[in-house]
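Chains as they are written, first to last, in this note's numbering: chain A, 2 to 464; chain B, 67 to 548; chain C, 279 to 342. Just so it is clear, CB atoms sit at the ideal spot from N, CA and C, and this is done for glycine as well. A quick note: this is a predicted structure, and the numbers were derived from the prediction, not measured. Below is one structure, written out as structure tokens; comments come after it.
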Amino acid sequence: MDAYELTIADAAAMIRAKELSPVELTESVLSRIDAVEGKITAFATVTADVARAAAAAAEAEIAAGAYRGPLHGIPVGIKDLYETAGIPTTSSSAVRADYVPEQDCAVVEKLTAAGTVMVGKTHTHEFAFGAVTPTTRNPWDLEKIPGGSSGGSGAAVAAGECMVGMGSDTGGSIRIPASVCGTVGLKPTYGRVSRRGVASLSWSLDHVGPLTRTVRDTALVMNAIAGYDRSDPACVDVPVPDFAAGLLAGVAGLTIGVPTNFFTERVDPEVAAAVAAAVGVLVGLGAEVREVAIPLPEYILPTEWGLMLPEASAYHQEMLREKGDLYTADVRLFLEVGEFVLATDYIKALRARTLLQHAWRELFEGIDVLVAPTLAAPAVSADDLTLHWPDGTTEAATDAYVRFSAPANVTGLPSLSVPCGFTEGGLPIGMQIVGKPFAETTLLAVGQVYESATTWLDRRPAL
Amino acid sequence: MTALQETRLQEASVLAAGLPTVTEAIEAIGAGALSPVELTEHVLARIERLDPLLDSYVDVFTESALAKARSVQDAIARGESLGPLQGIPVGLKDLYDVAGTPTLAGSAVRAGHVADTDSTVTRKLRAAGAVITGKTVTHEFAYGVVSAPARNPWDRETIPGGSSGGSASAVAAQLCLAAMGSDTGGSIRIPAGLCGLVGLKPTFGRVSKRGVAELSWSLDHAGPITRTVADAAVLLQAIAGHDPGDRCSIDEPVPDYLTGLGAGIEGLRVGVPTNFFFDAVDPEVADAVHAALAVLVEAGAVLVDVTVPHVELTADLVSTIVGVEAAAIHQEHIRTVPEAYTADTRMRLLAGELISGTSYVNAQRARRLVVDGFRSVLSGLSGVDVIATPTLPVTAPAFGAKTAQLGGADVPVMAALNPLTAPANAAGLPALAVPCGFSAAGLPLSLQLMGRPFDEATLLVAGHAYQRRTDWHTRRPPLGEN
Amino acid sequence: MGDLVARSFPPLDVAALTARLEIPEDRAEVVLGSLTSAYEVIDVLDSLPLGETPPATAFDARWE
Chain A
2 MDAYELTIAD
12 AAAMIRAKEL
22 SPVELTESVL
32 SRIDAVEGKI
42 TAFATVTADV
52 ARAAAAAAEA
62 EIAAGAYRGP
72 LHGIPVGIKD
82 LYETAGIPTT
92 SSSAVRADYV
102 PEQDCAVVEK
112 LTAAGTVMVG
122 KTHTHEFAFG
132 AVTPTTRNPW
142 DLEKIPGGSS
152 GGSGAAVAAG
162 ECMVGMGSDT
172 GGSIRIPASV
182 CGTVGLKPTY
192 GRVSRRGVAS
202 LSWSLDHVGP
212 LTRTVRDTAL
222 VMNAIAGYDR
232 SDPACVDVPV
242 PDFAAGLLAG
252 VAGLTIGVPT
262 NFFTERVDPE
272 VAAAVAAAVG
282 VLVGLGAEVR
292 EVAIPLPEYI
302 LPTEWGLMLP
312 EASAYHQEML
322 REKGDLYTAD
332 VRLFLEVGEF
342 VLATDYIKAL
352 RARTLLQHAW
362 RELFEGIDVL
372 VAPTLAAPAV
382 SADDLTLHWP
392 DGTTEAATDA
402 YVRFSAPANV
412 TGLPSLSVPC
422 GFTEGGLPIG
432 MQIVGKPFAE
442 TTLLAVGQVY
452 ESATTWLDRR
462 PAL
Chain B
67 MTALQETRLQ
77 EASVLAAGLP
87 TVTEAIEAIG
97 AGALSPVELT
107 EHVLARIERL
117 DPLLDSYVDV
127 FTESALAKAR
137 SVQDAIARGE
147 SLGPLQGIPV
157 GLKDLYDVAG
167 TPTLAGSAVR
177 AGHVADTDST
187 VTRKLRAAGA
197 VITGKTVTHE
207 FAYGVVSAPA
217 RNPWDRETIP
227 GGSSGGSASA
237 VAAQLCLAAM
247 GSDTGGSIRI
257 PAGLCGLVGL
267 KPTFGRVSKR
277 GVAELSWSLD
287 HAGPITRTVA
297 DAAVLLQAIA
307 GHDPGDRCSI
317 DEPVPDYLTG
327 LGAGIEGLRV
337 GVPTNFFFDA
347 VDPEVADAVH
357 AALAVLVEAG
367 AVLVDVTVPH
377 VELTADLVST
387 IVGVEAAAIH
397 QEHIRTVPEA
407 YTADTRMRLL
417 AGELISGTSY
427 VNAQRARRLV
437 VDGFRSVLSG
447 LSGVDVIATP
457 TLPVTAPAFG
467 AKTAQLGGAD
477 VPVMAALNPL
487 TAPANAAGLP
497 ALAVPCGFSA
507 AGLPLSLQLM
517 GRPFDEATLL
527 VAGHAYQRRT
537 DWHTRRPPLG
547 EN
Chain C
279 MGDLVARSFP
289 PLDVAALTAR
299 LEIPEDRAEV
309 VLGSLTSAYE
319 VIDVLDSLPL
329 GETPPATAFD
339 ARWE
């Protein structure tokens with residue numbers, strides 16, 4: 002096994018035991034990038050020199066006995082919406098082609114403090130506006146999309162081009178690429194991780210979080226990045242647990258809610274079957290199942306869009322007027338439309354959000370977690386971004402993907418996507434585990450026990 | 067002399083000196099020197115005699131007020147107490163629900179409305195033993211600063227300000243001992259300032275707004291109007307606290323505002339803005355505020371020049387947020403009964419409907435900058451404890467005037483009255499208006515103190531220290547009574 | 279909000295007064311089409327009985 006194939010947890014154990022040097026690990030990852038990046042294009046910028054310097058520094062520190070913890074010397078990819086001092090941060094847009102920030106964003110500051118090695122900036126759908134990431138391909142099938150908007154991070158982690166890819170999630174943009182690329186992806190609770198210095202799509206819906214190969218790796222990254230930051234007005238000052246401590250808690254005694262509506266409508270049969278089988282695995286491990294109805298289902302997407310349209314257009318207001326022709330056509334159109342949404346419509350969505358939050362609180366009164374497909378369908382072809390449903394209807398891929406992931410954005414609830422199988426065509430399928438506010442540790446325990454009981458992780462993209 | 071006759075004589079002397087303050091009345095009632103029934107009867111008689119001149123009340127609760135006063139008196143006779151405000155006559159702005167009575171909010175749209183339950187503040191006042199005298203005039207849905215038809219007791223040709231104009235007019239004329247107001251851009255402090263009273267807008271989330279008709283939920287605050295700072299402290303003590311029924315309410319412990327009220331202000335750091343707050347202010351106002359600062363220095367305060375970043379954004383962001391939130395609240399009624407609104411309000415609500423979502427979002431972003439601007443002045447090692455400014459740039463405008471003179475220009479009355487109060491709404495900070503003199507024309511002038519979130523106590527201590535050295539708050543308006 | 283009638287859009291130049299954004303004539307049709315679709319989605323909220331529900335302004339995901 003090459004070093005780049007290791008999990009963070011395994012690599013960390015070897016680094017700590019001085020069986021693996023951060024320099025070797027980084028070189029292994031950089032070689033892997035050299036080998037596969039031409040097919041995938043996961044990165045907007047590869048920062049090989051920065052990575053080599055950081056790896057050398059980590060190696061020296063560790064040799065001197067100053068081991069910082071499980072992320073010390075671990076190669077990471079950072080979504081190109083995250084500001085990185087001295088390194089271009091383009092948001093995969095011509096509008097920001099020349100933008101080089103002076104400061105790191107909060108998450109990069111924390112990852113740097115934890116000793117990580119940044120190997121590059123990963124592609125996003127332009128300004129995080131879609132679930133396709135047209136620059137990038139899916140390592141499992143190069144004809145397919147990697148999902149988005151954190152498509153570069155999903156593809157890079159799946160292909161072994163980094164051990165964690167940071168993402169952001171406004172309508173599913175961490176979980177969508179995680180699901181279609183066969184990685185783990187966590188959208189934490191709204192307010193858990195600081196968004197300072199990450200380009201906004203929609204302030205009231207944006208979340209940042211990691212994509213990794215395993216559940217434990219996600220827990221290790223959360224330990225480094227979670228916590229209150231006054232400079233992000235959404236951040237909530239609540240105690241931060243040790244996300245790795247409860248990983249082996251299991252599911253015995255937990256009640257899993259299984260939806261009887263919303264997540265059962267217009268869903269690919271292979272996806273539905275895989276998630277049902279996964280629920281069966283959890284039951285076998287001691288979980289109880291309870292069928293639940295998703296409340297107010299028809300209002301989830303109107304609320305998501307009613308919030309996102311005007312917030313996004315407010316963020317882009319000046320850039321649209323100054324550089325409108327530099328946006329891609331779909332993003333420009335989206336921004337123009339958002340300009341015409343009235344404030345009273347936005348308020349209506351804010352009020353609807355309150356009702357939805359109350360309704361989901363009631364939904365969780367009888368369950369500990371909700372388990373549902375992360376996405377209605379696996380990765381679509383990059384040449385045809387449309388889903389064709391059995392009833393003859395079609396749906397744009399982004400719309401279909403956002404449909405199942407938006408509830409956790411509107412409610413702010415944490416949601417973990419874990420791989421739960423493959424289609425006959427060999428494309429990954431994900432299930433999402435949604436939990437109560439700030440109950441990430443419960444989600445990680447459920448994900449961990451499932452991951453340990455199954456072998457999906459053993460599969461790797463052929464490339 | 068019988069005991070009854072003795073009490074009557076004492077009451078006569080308490081009331082002959084003018085209506086007592088809340089603090090004085092609590093003491094006199096507690097000492098048995100003042101009968102709650104006599105006090106309420108006296109207040110009701112004043113309302114009957116003087117309110118026709120002032121139009122400060124929309125509804126007077128004669129029967130229920132007397133009944134409550136009697137129950138307080140009976141309780142005292144049994145050796146019991148009905149609470150810290152027992153027997154104190156308090157008026158409520160007609161936005162506060164009182165079970166079984168209409169909350170008209172100054173609007174024909176509300177005709178026929180009857181509240182099912184008390185607002186939280188109403189309930190807390192009653193539970194503290196207060197006698198609710200009635201409902202006071204407000205600008206329609208609190209969306210303005212005029213409060214017609216109420217008049218200013220200091221000069222009935224001028225407005226009392228608004229939107230809590232009826233409350234201020236009534237307290238100034240001693241038609242109640244204290245009154246509740248609400249404040250979205252200054253609507254407690256503006257009328258308090260124009261009527262020579264103390265007005266306290268507490269921190270956003272400190273006092274429940276459940277059962278108080280909304281104008282703009284993210285800027286609305288509920289608070290008291292009184293004659294003295296000590297009275298404001300007593301009222302705040304009774305009404306502050308977390309209310310799960312109000313989503314804006316914040317679960318923050320309520321300190322004791324009364325015990326340390328006389329602590330003094332030795333070493334208090336008072337920030338005096340060098341930007342914005344004194345830029346366009348009548349010289350009479352500026353002089354009075356500077357004289358008030360000198361009094362604070364005599365009392366031991368230290369003045370510090372400060373700059374409040376971004377505060378100049380306030381007017382735009384507040385008018386956008388109020389416009390949008392008011393339009394959202396009235397979206398249904400403006401379609402079903404448009405003719406029931408006054409022309410001004412209808413025009414404002416329709417204008418609010420045309421504001422784009424991006425403008426509202428950007429107003430909330432600007433608000434963040436104003437919050438951070440105040441934080442930079444009020445926190446950290448070099449931070450000040452309070453910020454002192456004029457409450458208003460001008461004195462009371464003429465009744466019926468659409469514009470007022472400000473910095474040599476004619477501006478709409480709203481723009482003349484709220485520029486210095488609205489920043490504390492945008493930032494959610496506590497702010498206290500304290501009388502600090504009179505203009506040559508005999509109209510009241512006012513000092514505003516703003517503080518850190520949930521630090522009403524420091525404002526009250528500072529305002530109280532000022533009032534112990536000055537007597538502006540003891541002057542009475544000329545109502546031809548003597 | 280059941281009393282709200284369906285939207286019929288005035289020419290974009292009227293809406294542009296509010297947004298202060300000029301839409302070139304050659305883009306008007308596509309923008310108008312998208313705007314109509316967007317409003318079809320969000321106007322579903324008209325049927326939600328909001329009552330006295332306050333908005334989640336400073337959104338806090340906690341339930342307490």
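Cutoff 8 Å: residue i Cβ touching any chain A Cβ
i, result
"A316/C", "yes"
"R276/B", "no"
"S422/B", "yes"
Closer than 7 Å at the beta carbon, the chain B residues around residue i
i, result
"T345/A", "V390, A393, A394, Q397 and E419"
Cross-chain neighbours of residue i in chain A, by beta carbon under 8 Å
i, result
"Y426/B", "P311, A344, Y347 and I348"
Neighbour list for residue i in chain C, Cβ cutoff strictly below 7 Å
i, result
"G307/A", "I320 and L323"
Residue i versus residue j - alpha carbon distance
i, j, result
"A129/A", "D410/B", "43 Å"
"S205/A", "D326/A", "27 Å"
"A393/B", "G423/B", "13 Å"
"P189/A", "T340/B", "44 Å"
"R535/B", "A490/B", "26 Å"
"A354/B", "T128/B", "40 Å"
"G280/C", "A464/B", "Residue confidence for G280/C is low, a pLDDT of 46 falling below 50, so the modelled location carries little weight and cannot support an answer."
"T276/B", "V216/A", "A small correction: the amino acid at residue 276/B is Arg; Thr does not occupy that position in the sequence shown. Spanning the two alpha carbons is a distance of roughly 45 Å."
"A12/A", "A49/A", "20 Å"
"G449/B", "S325/C", "50 Å"
Option in the options with minimal Cα separation from residue i
i, options, result
"L420/B", "T386/B, V187/B and S442/B", "T386/B"
"L351/A", "M246/B, I254/B, S284/B and L100/B", "S284/B"
"P543/B", "S185/B, L281/B and L116/B", "L116/B"
"N428/B", "L356/A, E323/A, H317/A and A95/A", "H317/A"
"E441/A", "A397/A, L297/A, D459/A and T219/A", "T219/A"
"C236/A", "H208/A, I75/A, A246/A and S416/A", "H208/A"
"V370/A", "V37/A, H124/A and F439/A", "F439/A"
Residue span of the beta strand (DSSP E) that contains residue i, given as start and end
i, result
"T46/A", "F44 to V47"
Where residue i meets chain B, residues with beta-carbon distance less than 8 Å
i, result
"P234/A", "R434"
"E84/A", "Ordered by position in chain B, no residue passes the 8 Å Cβ test against E84/A, which lies about 18 Å from the chain."
"E340/A", "S422 and T424"
Test: residue i CB closer than 8 Å to a CB of chain B
i, result
"A315/A", "yes"
"E318/A", "In the sequence as presented, Glu is not what sits at residue 318/A; that position holds Gln. True, the Cβ-Cβ gap to chain B drops below 8 Å."
"E363/A", "no"
Residue-chain proximity (residue i, chain C), Cβ-Cβ < 8 Å
i, result
"Y402/A", "no"
"E266/A", "no"
"E337/A", "yes"
"P240/A", "no"
"A294/A", "no"
Boundaries (first-last residue) of the alpha helix (DSSP H) holding residue i
i, result
"V109/B", "P102 to L120"
"Y123/B", "Careful: Y123/B lies outside any alpha helix (DSSP H), inside the beta strand (DSSP E) at Y123 to V126."
"S233/B", "G231 to A238"
"I387/B", "T380 to I395"
"Q514/B", "Segment P510 to G517 is the beta strand (DSSP E) holding Q514/B; no alpha helix (DSSP H) there."
"R189/B", "T186 to A193"
"A352/B", "P349 to E364"
"L281/B", "It is not in any alpha helix (DSSP H) - L281/B carries neither H nor E in the DSSP assignment."
Amino acids of chain C, ordered along the chain, whose beta-carbon sits closer than 9 Å to that of residue i
i, result
"E299/A", "V322, S325 and L326"
Interface partners of residue i on chain C, CB under 8 Å
i, result
"A360/A", "Within chain C, no residue comes near A360/A; the closest Cβ sits about 11 Å away, beyond 8 Å."
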